[in-house]
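Protein chains in written order, with the working numbering: chain A, 47 to 416; chain B, 40 to 550; chain C, 9 to 312.
Quick reminder that beta carbons are idealized off the backbone N, C-alpha and C, glycines included.
A short write-up of the structure that comes next.
What follows is the structure in structure tokens.
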């Protein structure tokens, strides 16, 4: 599609797409807004085709998530894991390491912290225990995230494939644990583990489900990752590796060290999100679908939407949390299935891709007499 | 001399007044060239002389801006290689276009329009064996391409072209990847083809090979034909002179200076290329303080691998490299850089810059982890930015601001910034690889002055360049590389264009 | 006991059929150099389209046609963006999956719990079907099974022994060399993507029209991801893909049967994904990187 030629009467028309020379921030912002507008248009169209009043549905989504106090509470709750994970993904993606395994890194963080909490939790004070929970969760996610990094540098294995496969390995592992060796004895046959010790559960803001410690961590870590990427030596090296591996080699930057570190961060941070879900929301380990709820995949979109900047990831994380909550709202009021949210996500991701293309290419029209 | 069994081949190809411009620069200017069937023609010249461009036009890859092409008296226009192939012209490029993971037969089938749809391998293999018989081109048909040596892969390319019906075969620098044995095998194949009535054009910079193989030779320089000769009647010296020309400008900036102590010592170093063969063979070299040593030679004779070995980007197979007496053989690029080696890379944009990052981010590319640009964790952007401002001013880089992405700068300005970056660290050794290639006159002058300045300030400079003018203008000593070895070293006083030209063309001894 | 074995094997073959169809299609797509992670989405759309059209028209053939069209349409979106606009193929595929899963869920909502008036019936092949044991197993299957097997064999043959197959593989290995020989790289890649979509759609149809009894949300249950893994596990060879499809299908079916014997079903379910990783790892250990099985240009946008 880079070139199209056709004849129109006595004229020869050719359309070419050339690489843009200048990409001002203004252009970036405009493209983003245009992409979002296109996205909403398509979603509205989809609603119409499904027999739903698009304005009503879209309105319901946004009122449901940002229009009421309850909506805001739920949005922030759902935003917590997104804030954490998308920050980590920004770091990985800036090194062009396509980590699509955040779901499993979250789960492994949840697994390790559950193990720690159930095993040692009784005898530790909350002041010590809660930080340890997060540390253990970080380690769990980091170790799981390092595997694809090592597979890539040692065996040349595409990280897209390895992170994808490990997603399902981890999910099955969690399912195995909750119906097998870790099944809670007091849970009346439900596939859950025992609850974590009460004093290790994360406190929530009264009247909400917002586990504020994780929320604070999410915001602080996003800030730290922003500083990391744009103010530290390491962040500089990450960006060079991502933009030009050849120049990185020339500059003496160690590719292996960079890739491994990036995945420790990305996996570890996702693991911490897992701790939040277990210790803050569910209080025990249960179905992988409940614990990770697609956060790992949604965070991919928020990282992209945020232009791979962790601060942007915060904003877009909030936006998408709103969509998730709104999706629940529609499910109840319009009797649309929860899967509707996936349509939204898919369309938005597509328009973001197209927007990226327009940002990098401009059309050149040539009309010549034949 | 077409045999009675074979269809009539091309008798004569005429290129008349062919011109081609790239961004206003003439790559080919009013070139007349005649190629006859049954003849092996050598197209001689340095890199950038326009040989490959001319042949790319003949092969349909480029359209000429002026002139025309006639085959057997009929004018032809090629819009793509497919047209050229259909007219009987084939080309074997310097970089092979083969699918490594497939077998030889499968590669031939790829371009064979006549192969049957089902079980094409059988038919093609039979055809291949026939061609092998006829031309003596031995390739194992069922081998995977990656298993073959460079010489065998080249033969696959030749067979491919022949089986597509090439009467005229163009080969671009064919011997650059071959062992001496493979070279003589190639030559006998080509002679056989010529005796069958095929026309052959060899693009080369190697004088002795051209004289050995070709019937006639045409010399290009700076886009124009500067000479033509029958190879039985011309001497190497004459060819060398034609090839490199007589223009020599001695810069008044150069003053004699006493050499300092040894900064770079290369002892018997051998380095492998990406293909796995030795690109640098037992090279010895020294560079002193207050000295510019030039490595002359046509690109592709091992200079790149040597530079990469010195700067830590490639493993040394054997031998040692010492910087100021310290053995840095096979150390990492970072360590070598810390020992005081700066490097202006050959592919400046791809290796020397990160195009999407901003100018000031590029300005500290290799030194970002040193003070004053960073402490333990953080980069000090204030210092980085002010350093960049200094560089931009000092080295007259034209840019609206330092907050602009690097890719917005013109080629000359990019190079000025790179030079500034490498030089401002006050290195003990500056390795400059083709530093003025493709730059305009102003930028070229500026950078040459900078290199001289380094020498004046007591540094050691290793200059790799194909530009003889530059080499003669700047260097104290000149080493010429050919096929991985240093075939001759000349002091400034004894260096003449002819002598360097001969060495560059591979003629050793008695220089 | 024998009856149990036979019926388990029969069910295995049925479970493997959709994997077989999806994998054989995706192998062609990936061999041409396009990575399509949207298989789960395409299979969902195929399942939904097939179910809904069969339900409404009472005719399974219309349903099959609908699922094929749905798969092709979905693949066209990804194909266009990947081949012509040259976007990041990983992201485009993921977006397609999200879109497909979502649309299928929404469109299928009214049909949850409903059963089809007609299902895809098993067709007994004359003569072959009378062979004891094997006949019951292999030749009493539905038409999609036979299609899948034939397709797998035909794909293998096509890739290996035809001019078109060699061209296709070259496009996936070295598009530049192919283009220089006059092969239309972009057109081939786009068509192969559509082809993969067609069979992903049919694979989905098999789930909703043959394997399952009624429509549920999430009926495809991640089979599309198994197909992605299976494509790699088979090292892009359609015959290995066929064996792997029934192997993985078997795991699907026997997961719960082996449970009383002390084998945790979830650990079994991990096998397909783990096995894929191991196979790829072993391939990566090969001394010469150029002999890897993955198409060399897989997933890289080709810029002329």
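Cβ-based neighbour list, residue i, same chain, cut-off 7 Å, excluding 5 preceding and 5 following
| i | result |
| --- | --- |
| residue 343/B | 385 |
| residue 188/A | 310, 313, 314, 317 |
| residue 260/C | 23 |
| residue 542/B | 519, 521, 526, 527, 550 |
| residue 299/A | 283, 286, 287 |
| residue 110/B | 49, 52, 126 |
| residue 45/C | 98, 101, 102, 105, 236 |
| residue 253/B | 79, 80, 81, 241, 270 |
Which of helix, strand or coil DSSP assigns to residue i
| i | result |
| --- | --- |
| residue 520/B | strand |
| residue 57/A | strand |
| residue 136/B | coil |
| residue 330/A | coil |
| residue 398/A | helix |
| residue 171/B | helix |
| residue 195/C | helix |
| residue 347/B | helix |
| residue 240/C | helix |
| residue 18/B | The structure shown does not extend to residue 18/B, since chain B is modelled only from 40 through 550, so no value can be given for it. |
| residue 388/A | helix |
| residue 472/B | strand |
| residue 417/B | strand |
| residue 532/B | coil |
| residue 248/A | coil |
| residue 127/B | coil |
| residue 554/B | Only positions 40 to 550 of chain B appear in this structure, which leaves residue 554/B out of reach. |
| residue 82/B | strand |
| residue 165/B | helix |
| residue 9/C | coil |
Integer-rounded CB distance, given that residue j should sit under 8 Å from residue i
| i | j | result |
| --- | --- | --- |
| residue 540/B | residue 283/B | 4 Å |
| residue 510/B | residue 333/B | 4 Å |
| residue 268/A | residue 129/A | 6 Å |
| residue 246/B | residue 272/B | Residue 246/B to residue 272/B, Cβ: 15 Å. No contact. |
| residue 213/C | residue 30/C | Rounded, the Cβ-Cβ distance is 11 Å, inconsistent with contact. |
| residue 136/C | residue 150/C | With 8 Å as the limit, residue 136/C and residue 150/C do not qualify as a contact, their Cβ atoms being about 15 Å apart. |
| residue 48/B | residue 237/B | 7 Å |
| residue 259/B | residue 89/B | 5 Å |
| residue 84/C | residue 217/C | Actually they are not in contact, since the Cβ atoms of residue 84/C and residue 217/C sit about 23 Å apart, beyond 8 Å. |
| residue 467/B | residue 498/B | 7 Å |
Cβ neighbours of residue i in the same chain (closer than 8 Å, five flanking residues each side left out)
| i | result |
| --- | --- |
| residue 307/C | 41, 42, 43, 97, 98 |
| residue 196/C | 40, 175, 176, 179 |
| residue 146/B | 137, 138, 184, 195, 199 |
Chain F contact for residue i (CB, 8 Å cutoff)
| i | result |
| --- | --- |
| residue 142/A | Judged by its chain identifiers, the structure shown contains no chain F, and its protein chains are A, B and C. |
Neighbourhood of residue i by C-beta distance below 6 Å, restricted to the same chain and skipping five residues each side
| i | result |
| --- | --- |
| residue 252/C | 238, 241, 242 |
| residue 167/B | 180 |
| residue 56/C | 112, 115, 116 |
| residue 363/A | 125, 128, 129, 132, 348 |
| residue 356/A | 133, 136, 268, 271, 272 |
| residue 276/C | 259, 263 |
| residue 296/B | 329 |
| residue 339/B | 215 |
Runs of alpha helix (DSSP H) wholly within the segment 269-294 of chain A (minimum 4 residues, chain order): Listed in chain order, they are 279-289.
Start-end ranges of the alpha helix (DSSP H) lying completely within the segment 122-176 of chain A, minimum 4 residues: Unbroken alpha helix (DSSP H) runs of no fewer than 4 residues, entirely contained in the segment 122-176 of chain A, are found at 148-166, following chain order.
Taking only runs that begin and end inside the segment 201-279 of chain B, name each unbroken beta strand (DSSP E) of 3 or more residues, in chain order. Listed in chain order, they are 207-211, 238-243, 255-260, 263-269.
Closer than 9 Å, Cβ to any Cβ of chain A: which residues of the segment 218-247 of chain C, in chain order? From the segment 218-247 of chain C, only 225, 226, 230, 233, 234, 236, 237, 240 have a Cβ closer than 9 Å to chain A.
Ordered list of beta strand (DSSP E) runs contained in the segment 109-139 of chain C, each at least 3 residues: Complete beta strand (DSSP E) runs here, min 3: 130-132.
If the cut-off is 7 Å on Cβ atoms, which residues from the segment 15-43 of chain C count as contacting chain B, listed in chain order? Hits within the stretch: zero.
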